[in-house]
Amino acid sequence: MIDGLRPLASSLTSTLLKSLINEFPSLDEQLDYFDNAFIVTELEIDYRKVTVIIPKEGVNNEWDDLNDQITSMKTAFNKHLAQMKLELKCAKLVYKDMGKEIYQIEVPKAVEVPNSWIKRSDTKTVNRYWNATLEDMIPRYKELLEIKNAYTKSFYAQVFGEFDDKYTMWQSAVLQLAHLDALLGLAQGSIRLGGRRDV
Numbered sequence: 001m002i003d004g005l006r007p008l009a010s011s012l013t014s015t016l017l018k019s020l021i022n023e024f025p026s027l028d029e030q031l032d033y034f035d036n037a038f039i040v041t042e043l044e045i046d047y048r049k050v051t052v053i054i055p056k057e058g059v060n061n062e063w064d065d066l067n068d069q070i071t072s073m074k075t076a077f078n079k080h081l082a083q084m085k086l087e088l089k090c091a092k093l094v095y096k097d098m099g100k101e102i103y104q105i106e107v108p109k110a111v112e113v114p115n116s117w118i119k120r121s122d123t124k125t126v127n128r129y130w131n132a133t134l135e136d137m138i139p140r141y142k143e144l145l146e147i148k149n150a151y152t153k154s155f156y157a158q159v160f161g162e163f164d165d166k167y168t169m170w171q172s173a174v175l176q177l178a179h180l181d182a183l184l185g186l187a188q189g190s191i192r193l194g195g196r197r198d199v
């Protein structure tokens, strides 16, 4: 809106209006940054879905690296499950998360598993296990999730801090918009009353 008024400022007779338009801070760079730096989305944090602010892909290397590591581990979990299906000759194997006990291999009761597998839980029809590979992978995966959770929580402060770094610019923009809004309201009121008042 202000950018559209700037070319007209020199033809205005009101010094107040000229000054409000000419002294309005340039917000384009900051608005572009905040528009392109992050997204608002739902993520699972501490085993529940919450709405969070996270960096957009390609904006923050630390965030991207962390997500790449998590994706890589998920791929490794899927490859491991595929291998277990072949070894046990059972296509019905699936992973089941039971609260914090994640990536349990769910096996029909009729299927025999190696003695080294550790039973984690069961139902009438299935047993759920971890094997040595999962026992090695899961702590690292959980650590990555904890790092992601902590990063997500601290990212709010980072975004608000970046916004606050430009406090005087934002304050100036708000005050000048408030002045312009008040002048517009007075002008509209004057038009309705049928008179003209110089600003």
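Read in full-length UniProt numbering, the sequence shown has 21 at position 21, and its numbers run on one by one without any break.
C-beta atoms are modelled at their ideal positions from N, C-alpha and C, and glycine is treated no differently.
From a predicted model like this one, the values you see are computed outputs, not experimental measurements.
Looking at F163 and I54, is the spacing between their C-beta atoms short of 9 Å? By 1-based counting over the sequence shown, the position of residue 54 is 54. By 1-based counting over the sequence shown, the position of residue 163 is 163. Against a cut-off of 9 Å, the Cβ pair of F163 and I54 comes out as no contact.
Around the C-beta of K148, are 16 or more other C-beta atoms found within 10 angstroms, so that it is buried, or is it exposed? Residue mapping note: residue 148 aligns to position 148 of the sequence shown, counting from 1. Under this definition K148 is a buried residue.
Proximity of S121 and N131 at Cβ, strictly below 9 Å: Numbered from its first residue, the sequence shown carries residue 121 at position 121. Numbered from its first residue, the sequence shown carries residue 131 at position 131. Going by C-beta atoms, S121 is not nearer than 9 Å to N131.
Should E112 be labelled buried (16 or more other beta-carbon atoms within 10 Å of its own) or exposed? Within the sequence shown, residue 112 is the residue found at index 112, counting from 1. Flag for E112 reads exposed.
Can you tell me which of N36, K142, S72, G185 puts its alpha carbon nearest to the alpha carbon of D97? As a first step, residue 97 must be located in the sequence shown, where it is residue number 97. Looking at the Cα atoms, K142 is the closest of the given residues.
Rounded to whole angstroms, what's the CA-CA distance from V50 to T123? Just pull it up for me. Indexing the sequence shown from 1 puts residue 50 at position 50. Indexing the sequence shown from 1 puts residue 123 at position 123. Cα to Cα, the separation comes out at about 30 Å.
Proximity of M73 and R128 at Cβ, strictly below 9 Å: Here residue 73 refers to the residue found at position 73 when the sequence shown is read from its first residue. Here residue 128 refers to the residue found at position 128 when the sequence shown is read from its first residue. No. Outside cutoff.
Runs of 3 residues minimum, wholly inside the region 124–183: which ones carry the beta strand (DSSP E) assignment? 126–130
Cβ contact check for the region 6–24 and the region 174–194: 3 or more pairs under 8 Å: yes
Determine, using beta carbons only, whether L81 and Y95 come nearer to each other than 9 Å. To locate residue 81, count along the sequence shown from 1; it is residue 81. To locate residue 95, count along the sequence shown from 1; it is residue 95. A contact, by the Cβ cut-off of 9 Å.
Go ahead and pull the three-state DSSP assignment for Y103. The residue given as residue 103 occupies position 103 in the sequence shown. Reduced to three states, the DSSP call for Y103 is strand.
Leaving out the 5 sequence neighbours to the left and right, which residues in its chain are closer than 7 Å to T152 when beta-carbon positions are compared? Looking up residue 152 in the sequence shown gives position 152. Excluding residues within five positions, the ones whose Cβ falls inside 7 Å are L43, I45, V52, I54.
If you run the structure through DSSP and keep just helix, strand and coil, what is T51? As a first step, residue 51 is located in the sequence shown; it is residue number 51 there, counting from the start. Residue state, collapsed to three classes: strand.
Enclosing beta strand (DSSP E) for K96 [first to last residue]: Translated into positions along the sequence shown, residue 96 becomes position 96. That run of the beta strand (DSSP E) goes 94–98.
Check this for me: beta carbons of G58 and D64, under 9 Å apart or not? Here residue 58 refers to the residue found at position 58 when the sequence shown is read from its first residue. Here residue 64 refers to the residue found at position 64 when the sequence shown is read from its first residue. Yes.
Please classify V174 as buried or exposed, where buried requires at least 16 other C-beta atoms within 10 Å of its C-beta. The residue labelled residue 174 in the question sits at position 174 within the sequence shown. With fewer than 16 other Cβ atoms within 10 Å, it is exposed.
Beta-carbon within less than 6 Å of I2's beta-carbon, same chain only, minus the 5 sequence neighbours each way: which residues are those? Residue 2 sits at position 2 when you count from the first residue of the sequence shown. Once the five neighbours on either side are set aside, the close Cβ partners of I2 are F24.
So, L183 versus L16, is the Cβ gap smaller than 9 Å? For the purposes of this step, residue 183 is taken as residue 183 along the sequence shown, with counting starting at 1. For the purposes of this step, residue 16 is taken as residue 16 along the sequence shown, with counting starting at 1. Cβ distance < 9 Å, so L183 and L16 count as in contact.
With DSSP run on the structure shown, which of helix, strand or coil describes K114? Taking the first residue of the sequence shown as position 1, residue 114 is located at position 114. It should be noted that the sequence gives Pro, not Lys, for residue 114. P114 falls in the coil class under three-state DSSP.
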